[in-house]
Each structure stands twice: as structure tokens, then as C-alpha cells.
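Here it is as C-alpha cells:
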């Protein structure tokens, strides 16, 4: 009976220790996930911000820790501004065009890097920016290749046009030469006729009776 009681107490104590361990682990987990901001959220705008679709599709939990270097009364407004800035930057990325200058991409990357220091997760937009930059680079190379191909085409067309001009000039010269040849043949034919006439006259003169 005594042994059963001792065994029962051991089991009970072990169960309590396990429960304490679980509770302690849960408490530690809660501490790890709880965000300590350098300001108190007092502005009503936070509810609006946190309900925005952009923060549902790209969830954010910025710590804003660099704001401890700022004046305490400006920290919350600065944080709100950064939230709106992040949303605006995502819109700017979506609005990028293939012919936008590289400086636009670099500026967006710099802006995301600054927000990252405040705890924003900028991996997704920066990956998209890098992909767009890669495509932009390929586009620039293909544009240069196209310019090269168009230059060669223009040069070949210029040579062809010059050759056609020369051909036309040769055709004109040949036509003039044909006329001159025809005139020369006509002249030669007359001369042949005149020679025949002279020969006949010579024969007639030579054979005439005395």
C-alpha cells in the first residue's frame, strides 16, 4: 500500500513537471513572437493599414528598431509613413514599363533596402525587381542586336540600290551604243553600195569601145 502511494506521488509529480515544461515552452514561444516596438500604437490609422489588401498578400511585421534613434514623438508617424511607403513601392513595381530607365529600378531597390533595415520583408518585391532588371538587360542587348541587324540591312540595300543605278546606267549606255552601231552599219552599207557602183563604173569605163 505504501509503495503504491509512493508510486502514485511520483507519477503525479512527473505529470506536474511535464505541464510546467509545456507552459514554460509556450511562454518562451509567446515572448519570441511578441513584437516590442519603439513606440506605442495610438493612431487609429493602424487598423486601416493592417486591413489593406497589400498587407494580406504580402504580410509584414516590421520592428522599426532604428526609430529608437529618432525623437519619441515622431516615431509612430514615421512608422505609419513607412507602411504607406511600402505599399506605394509595390504599386510602383507593378507599374514599371520595359522602357523605364535603369535608375528607376535602382531607386526602388534602394528604397526597399532602407525599409528592410526596419524589419520589412522585401524579398518578394526585390526578387521581382531583379527579374525585371534581368529582362530589361536582355531587352537592351536584343535592342542593340536589332540596331546592328538594321544597320547591315541598310548598308546592303544601299549597295543594291547603287548596283541597280549602275545597271540602269549600263543599259542606257548600251542603248546609245546600239544606236551608234546601227548608224555605223547603215553608213557601211552605203559605202559598200558606193564601192559596188565604183567597180561597175570602173568596169564599164575599162571595157568601153574606143
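In the UniProt record's numbering, the protein residues as written are 1 to 210.
Glycine is no exception: its CB is placed at the ideal position from the N, C-alpha and C atoms.
Values in this document were obtained by computation on a predicted structure and should not be read as measured data.
Nearest by alpha-carbon distance to residue i: which of the options is it?
i          : options           : result
residue 46 : 66, 77, 57, 119   : 77
residue 80 : 140, 39, 166      : 39
residue 82 : 142, 100, 203, 50 : 50
residue 36 : 61, 175, 57       : 61
What do you get for residue i, buried or exposed, if any count of 16 or more other CB atoms within 10 angstroms of its CB means buried?
i           : result
residue 4   : Below a pLDDT of 50, predicted positions are generally treated as unreliable, and residue 4, at 49, falls in that range; no measurement from the model is reported.
residue 172 : exposed
residue 52  : exposed
residue 75  : buried
residue 136 : buried
residue 122 : buried
Which residues bound the alpha helix (DSSP H) around residue i?
i          : result
residue 49 : 45-50
residue 58 : Looking at the DSSP string, residue 58 is not in any alpha helix (DSSP H), and its letter there is neither H nor E.
* Asked: Per the contact definition of three or more C-beta pairs closer than 8 Å, is the stretch 111-118 in contact with the stretch 75-94?
  -> yes
* Which residue spans inside the stretch 84-138 form an unbroken alpha helix (DSSP H) run of at least 4? -> With a minimum length of 4 residues, the continuous alpha helix (DSSP H) runs that stay inside the stretch 84-138 are 102-116.
* Give a yes or no on contact between the stretch 159-179 and the stretch 127-140, applying the rule of three or more CB pairs nearer than 8 Å. => no
* To do: Check whether the stretch 62-76 touches the stretch 114-122, counting contact only when three or more Cβ pairs, one atom from each stretch, lie closer than 8 Å.
  => The stretch 114-122 and the stretch 62-76 touch, with three or more beta-carbon pairs separated by less than 8 Å.
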